[in-house]
Amino acid sequence: MLSADFLRLGADVDFVNREADIFHLDVMDGTFVPNISFGFPVVEAIAAKAEKPLDAHLMIVNPGKYVERFAKVGVDMLSFHYEAALDESLNLIGRIHSYDIKAGIAINPDVPVEKIFPLLSEVDFVLIMSVFAGFGGQKFIPESLERIAAVKAELIRRGESHVMIEVDGGVSPSNASALKAAGADILVAGSSVFNAQDRTAAIKAMKFF
Ligand code: ZN
Numbered sequence: 005m006l007s008a009d010f011l012r013l014g015a016d017v018d019f020v021n022r023e024a025d026i027f028h029l030d031v032m033d034g035t036f037v038p039n040i041s042f043g044f045p046v047v048e049a050i051a052a053k054a055e056k057p058l059d060a061h062l063m064i065v066n067p068g069k070y071v072e073r074f075a076k077v078g079v080d081m082l083s084f085h086y087e088a089a090l091d092e093s094l095n096l097i098g099r100i101h102s103y104d105i106k107a108g109i110a111i112n113p114d115v116p117v118e119k120i121f122p123l124l125s126e127v128d129f130v131l132i133m134s135v136f137a138g139f140g141g142q143k144f145i146p147e148s149l150e151r152i153a154a155v156k157a158e159l160i161r162r163g164e165s166h167v168m169i170e171v172d173g174g175v176s177p178s179n180a181s182a183l184k185a186a187g188a189d190i191l192v193a194g195s196s197v198f199n200a201q202d203r204t205a206a207i208k209a210m211k212f213f
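Counting with our numbering, you get residues 5 to 213 for the letters of the sequence shown.
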C-alpha cells in the first residue's frame, strides 16, 4: 500500500480487495530506516475497509513496543526485522503468536540469511527484502534469488516447508517467475502494480498460485 494514492486511498483499497490477495503495510519510523511512511491512522483506515488479510511489515526500532497495538488493529500477519530485534526475536515471535497472529521475520539484503536459520522453526513466514528497506520503487537486487533459494533449502532440510517465503522490493512481472522458481510463496508488489497502465493485468502476470 506504500505505492497507493493516499488522496484516493478508499479506491485503492477497493482495488486490492477486488484483485489482490493480501494488504501489505510498510510501516517505517525514520530511525530503523531513513524514511517515514504512515502510522496508525492510515493503517486503521485501511483495516476498516480491507476484506483481504492485513500484513504489517514493521521497519521500526523496538518493534515489540507495538505488537499489541497492531493486534488491536486486527492484522493477520506481522513481521519485524531481525536486525531490529536480534536476541529478542524469539521472544517477539512468541508475543505475536499469543495474539493469534502469523509471525514473520524480515531481513535486509546485507544480513546473511544464515542468521535467521535458528528462527525458521518458530515463524510462519520469512520476509526476504530484495531491496534495502526504506523506500518504494527501488530496483530488484538479483542476488536475492540465491538468498530465497538458500532459505527454501534450509526450510526443506528442517522439515518446515510450510513456512512461507515472502519477497519484498522491486518485484514485478519481469522477475515474478524467477522468484517463484527460487521458492517465493508471497510476492509483495507496490509500484509495479500501482504505477502500471493496467494494474489488474500487472497482478495477473504475477499470480501463479
Ligand atoms: Zn514491506
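Ideal Cβ placement from N, Cα and C applies to all residues, glycine included. In this text, all values refer to a predicted model and were calculated from it rather than measured experimentally.
Asked: Same chain, Cβ closer than 7 angstroms to Gly140, five either side skipped, listed in chain order; Found: Leu6, Ser7, Gly194, Ser195
Asked: heavy atom of the ligand ZN below 7 angstroms from Asp30 C-beta; Found: yes
Asked: Rounded straight-line distance, which links the Cα of Leu159 to that of Ser165; Found: 5 angstroms
Asked: Buried versus exposed, by CB contacts within 10 Å (16 or more), Phe74; Found: buried
Asked: Separation of Asn179 from Val20, as counted between CA atoms; Found: 21 angstroms
Asked: Burial state of Asn112, where buried means 16 or more other Cβ atoms lie within 10 Å; Found: buried
Asked: Which of helix, strand or coil DSSP assigns to Ala188; Found: coil
Asked: Limits of the unbroken alpha helix (DSSP H) element including Glu87; Found: 86-89
Asked: Neighbour-count burial assignment, Glu147, 16 or more Cβ in a 10 Å radius; Found: exposed
Asked: Local conformation of Lys143 per DSSP, three classes; Found: coil
Asked: 7 angstroms Cβ shell around Ile100 - same chain, five flanking residues per side excluded; Found: Val71, Leu82, Ala107
Asked: The alpha helix (DSSP H) enclosing Glu170, as first and last residue numbers; Found: No alpha helix (DSSP H) holds Glu170; the beta strand (DSSP E) holding it covers 168-172.
Asked: Opposing strand residues paired with Gly108 [DSSP bridges]; Found: Ser83, Phe129
Asked: C-alpha distance - Asp33 paired with Gly43, whole-angstrom precision; Found: 9 angstroms
Asked: Nearest to Lys156 (by Cα), restricted to the options Tyr86, Ala89, Glu118, Lys143; Found: Glu118
Asked: The ligand FAD heavy atom lying under 7 angstroms from the CB of His85; Found: Among the ligands present in this structure, namely the ligand ZN, the ligand FAD is not found.
Asked: Check whether Met133 and Gly173 have beta carbons under 8 angstroms apart; Found: yes
Asked: Reduced DSSP secondary structure (H/G/I, E/B, other) of Val65; Found: coil
Asked: Paired residues, beta bridge with Asp59 - DSSP; Found: His28, Met81
Asked: Backbone CA spacing between Thr35 and Ala206 [nearest angstrom]; Found: 33 angstroms
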